[in-house]
Structures are given as structure tokens and as C-alpha cells.
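Take the sequence shown: its position 54, counting from 1, is numbered 54 in the numbering used here, and each next residue is one higher.
For every residue, glycine included, the Cβ atom is placed at its ideal position computed from N, Cα and C.
For clarity, every value in this text was computed on a predicted model and none was experimentally measured.
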Amino acid sequence: AYIAAHTERIKLGTGIIQLVGRAPAMAAMQAQTIDALAGGNRMIVGLGVSGPQIVEGWYGQPWGKPYWR
């Protein structure tokens, strides 16, 4: 947040946010807050699904089969 508020050109990013570990609305609000502090149009958000070791081991959620089109 400090860098966002005190720079003008640097792009800001999250790396990869694990979607299992937080609610989608919370992730969106956090990214929007940083982008607003940065003056807009500088936040890059990476989203990921993680893997079975993290999803089942850390969060206790079942790791199901992927969806197919």
C-alpha cells in the first residue's frame, strides 16, 4: 500500500492469489484498494487454483476432478 501511494509509474502485482484461501469478494476488494491507492490502472492480479496438497492439507477442502468443456 505504501509503494502504491508513493509511486506513479511502477506496476503493482499480487503474484498468484490462491482462490481457495479467500472469498472472491475479499480478494477483489483487496486488489481494488491497492489499485485505488495507486491512482488506478496499475494493479495486476494473478489468480490460481493451487493444488491438492494445499487445498486439502491447509484448508481442509476436497480436491475434486477438474471441469471439462
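Worksheet entry | the segment 40-59 / the segment 9-17 touching (three or more Cβ pairs under 8 angstroms) | These segments touch.
Worksheet item: Hey, how far is the Cα of VAL55 from the Cα of TRP63?
Response: When rounded, the separation of the alpha-carbon atoms in VAL55 and TRP63 is 7 angstroms.
Practice prompt. Would you mind reading off the limits of the alpha helix (DSSP H) that contains PRO52?
Written response: 52-57 is the span of the alpha helix (DSSP H), which, as asked, contains PRO52.
Worksheet item: For the putative contact between ALA5 and LEU12, defined by C-beta atoms under 8 angstroms, what is the C-beta separation to the nearest angstrom?
Response: Rounded to whole angstroms, the Cβ separation of ALA5 and LEU12 is 11 angstroms, and the two are not in contact under 8 angstroms.
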